[in-house]
Amino acid sequence: MNENFVESLRYLVIKVLAGDFITLHALKEYLIDGESPSVLSHKYKIGKFKLRGYIQRVIEKAGNYRIAQYVIKSSYNPLCGLAPIVVKVPGGYYCTVCEKSLTTNPERHIRLDHRDIVNRIVSECTRVAKRSES
Ligand SMILES: [Zn+2]
């Protein structure tokens with residue numbers, strides 16, 4: 000599986016583990032269903048520039064538009080079924096794995112402290128993608 004595939008998938012896995020499913024849904028509707036960013040920004044109530052930034056980020060990491068589409072196509076369903084490990088609580092975020100409140104950005108916390116969980120999910124999704132390829 001190519002490195003770009005893994006990098007863009009990792010980006011999405013971290014977002015979902017941090018409880019951000021909106022980015023995942025918006026990306027799927029943009030890349031697969033061909034919905035426009037302005038419609039999606041209205042639907043999900045996120046800023047158009049912010050949304051464009053996420054889309055850009057995923058395409059950049061994937062290397063090109065086609066691979067980004069492939070990442071979403073193969074991993075959207077497994078990612079939708081994930082349970083976030085960080086939850087929003089009044090005044091901030093709480094990590095259910097560390098069992099403590101977070102003082103840092105939840106995505107950063109997951110990327111740095113829960114690399115093992117991220118890696119495991121990335122390799123599971125990669126395996127699913129490989130299987131659907133053959
Ligand atoms: Zn933690």
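The sequence shown maps to residues 0 to 133 in numbering that gives the first Met the number 0. Each residue gets a CB set at the ideal place from its N, CA and C atoms; glycine is no exception. The structure presented is a predicted model; accordingly, all values stated were derived computationally and were not measured.
Worksheet item: So, are the CB atoms of C94 and V88 less than 8 Å apart?
Response: no
Worksheet item: By Cβ distance below 7 Å, which residues in the same chain neighbour S122 in space, the five residues on each side in sequence not counted?
Response: none
Worksheet item: Sorted by chain position, which residues of the same chain lie with C-beta nearer than 6 Å to E34's C-beta, five sequence neighbours on each side aside?
Response: E28
Worksheet item: Any idea what DSSP makes of K44, helix, strand or coil?
Response: coil
Discussion item. For a test of the three-state rule: what should DSSP assign to V85, helix, strand or coil?
Written reply: strand
Discussion item. For C94, report the span of its alpha helix (DSSP H) as first-last.
Written reply: Segment 91 to 94 is the beta strand (DSSP E) holding C94; no alpha helix (DSSP H) there.
Discussion item. Considering Cα atoms alone, identify which of I31, V57, L26 is closest to I45.
Written reply: L26
Worksheet item: For S131, does the count of other Cβ atoms within 10 angstroms reach 16, so buried, or fall short, so exposed?
Response: exposed
Discussion item. Going by DSSP, what residue range makes up the alpha helix (DSSP H) through S131?
Written reply: 114 to 132
Worksheet item: Going by alpha carbons, who is nearest to N118 out of N1, L8, K47?
Response: L8
Item to complete: Output the distance between the C-alpha atoms of S74 and S37, rounded to the nearest integer angstrom.
Response: 24 Å
Item to complete: Confirm the yes/no value for this check: CB of D19, any heavy atom of ligand 1, distance under 7 Å.
Response: no
Practice prompt. Taking only the alpha-carbon atoms, compute the straight-line gap between V5 and L78 and give it to the nearest angstrom.
Written response: 14 Å
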